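*Asks:* Could you have a look at this structure, given as structure tokens, before my questions?
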Amino acid sequence: MPQRLDIAPGDPTTQWQRVSPKYVVVVIVSSLVGGVIAAAIAVFAWLVLRWDWAWIALVVIVVIAIVQLIIAPRRARAIGYVLRDDDLLMRRGIMFQRFVAVPYGRMQLLDIERGPIDRMLGLAELKFVTAAASSRVSIPGLVEADAAWLRDRLIELAESRRTGL
Numbered sequence: 001m002p003q004r005l006d007i008a009p010g011d012p013t014t015q016w017q018r019v020s021p022k023y024v025v026v027v028i029v030s031s032l033v034g035g036v037i038a039a040a041i042a043v044f045a046w047l048v049l050r051w052d053w054a055w056i057a058l059v060v061i062v063v064i065a066i067v068q069l070i071i072a073p074r075r076a077r078a079i080g081y082v083l084r085d086d087d088l089l090m091r092r093g094i095m096f097q098r099f100v101a102v103p104y105g106r107m108q109l110l111d112i113e114r115g116p117i118d119r120m121l122g123l124a125e126l127k128f129v130t131a132a133a134s135s136r137v138s139i140p141g142l143v144e145a146d147a148a149w150l151r152d153r154l155i156e157l158a159e160s161r162r163t164g165l
């Protein structure tokens, strides 16, 4: 995987590595499952419990689910990462963009997780545990082979950075 180093988040020449296009399916299915569960609860409250206001909740849930399905492909394409000299830079988000730089020397554990939909599509999620207590850093939607390669490469880089400490 060729990488461009020394990149700033606003640099227009940044060569971001993107997640697999199949990850859109994962995002759509999760949105649908969440929407169906919430809609079922609203329908139950409306028809069985006879809460008259529950139909308003049902309409709101359906509108939110439709909006999530419309923006799902864009949300998936907004996730990216790049290996730099001293850290891994990740981004995600459409309206509220988040850029996270994880120094190689601070990486303590790299974990590959695969849910049922991920396994069907041959995808994996690479999760990071760092020296910071509140780090929730992960790269979802990686092809399994790419996730394994990236994990091994990051472990190699982390070990080389820690030896100098």
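Position 73 of the sequence shown, counting from 1, maps to 73 under UniProt numbering, and the rest follow consecutively.
Idealized CB from N, CA, C, for every residue including glycine.
Keep in mind the model is a prediction, meaning the values are calculated, not measured.
Tell me which same chain residues have a C-beta within less than 8 Å of the C-beta of V25, skipping the five on either side of it?
*Replies:* Correct list, in chain order: I117, L121.
*Asks:* Would you kindly work out how many angstroms separate the C-alpha atoms of V27 and A65, rounded to a whole number?
*Replies:* Answer to the nearest angstrom: the Cα atoms are 12 Å apart.
*Asks:* How about V102 and L88: are their beta carbons less than 8 Å apart?
*Replies:* Yes. Within cutoff.
*Asks:* Using the beta-carbon count (16 or more within 10 Å), is F128 buried or exposed?
*Replies:* Buried: at least 16 other Cβ atoms inside 10 Å.
*Asks:* Could you spell out the range, first to last residue, of the alpha helix (DSSP H) harbouring V82?
*Replies:* Where V82 is concerned, there is no enclosing alpha helix (DSSP H), although the beta strand (DSSP E) it sits in stretches over 80 to 83.
*Asks:* Can you have a look at G141 and say buried or exposed, based on whether 16 or more other CB atoms are within 10 angstroms of its CB?
*Replies:* It is buried - the Cβ of G141 has at least 16 other Cβ atoms within 10 Å.
*Asks:* Can you have a look at M1 and say buried or exposed, based on whether 16 or more other CB atoms are within 10 angstroms of its CB?
*Replies:* Caution applies to M1, whose pLDDT of 41 falls short of 50 and renders its modelled position unreliable; the value that the coordinates give is listed next. M1 comes out exposed.
*Asks:* What is the DSSP secondary structure of R151, counted as helix, strand or coil?
*Replies:* If DSSP states are grouped into helix, strand and coil, R151 belongs with the helices.
*Asks:* For the beta strand (DSSP E) that residue 172 lies in, which residues bound it at each end?
*Replies:* Since the first residue of the chain shown is 1 and the last is 165, residue 172 is not available in this structure.
*Asks:* Between L157, D146, R18, Y23, which has its C-alpha nearest L109's C-alpha?
*Replies:* Per the Cα distances, L157.
*Asks:* DSSP three-state call for G122: helix, strand or coil?
*Replies:* Looking at G122 - three-state DSSP - the assignment turns out to be coil, as it is neither helix nor strand.
*Asks:* In whole angstroms, what is the alpha-carbon distance linking Q68 and R161?
*Replies:* Approximately 41 Å, taken between the alpha carbons.
*Asks:* For L150, count neighbouring Cβ atoms within 10 angstroms of its own Cβ and tell me buried if that reaches 16, exposed if not.
*Replies:* Buried, by the Cβ-count rule.
*Asks:* Between residue 166 and G93, what straight-line distance do the alpha-carbon atoms span, to the nearest angstrom?
*Replies:* Here the chain comprises residues numbered 1 to 165, so residue 166 is not present and cannot be evaluated.
*Asks:* Going by DSSP, which residues form a beta bridge with M95?
*Replies:* Note: M95 sits in no beta bridge, so no partner.
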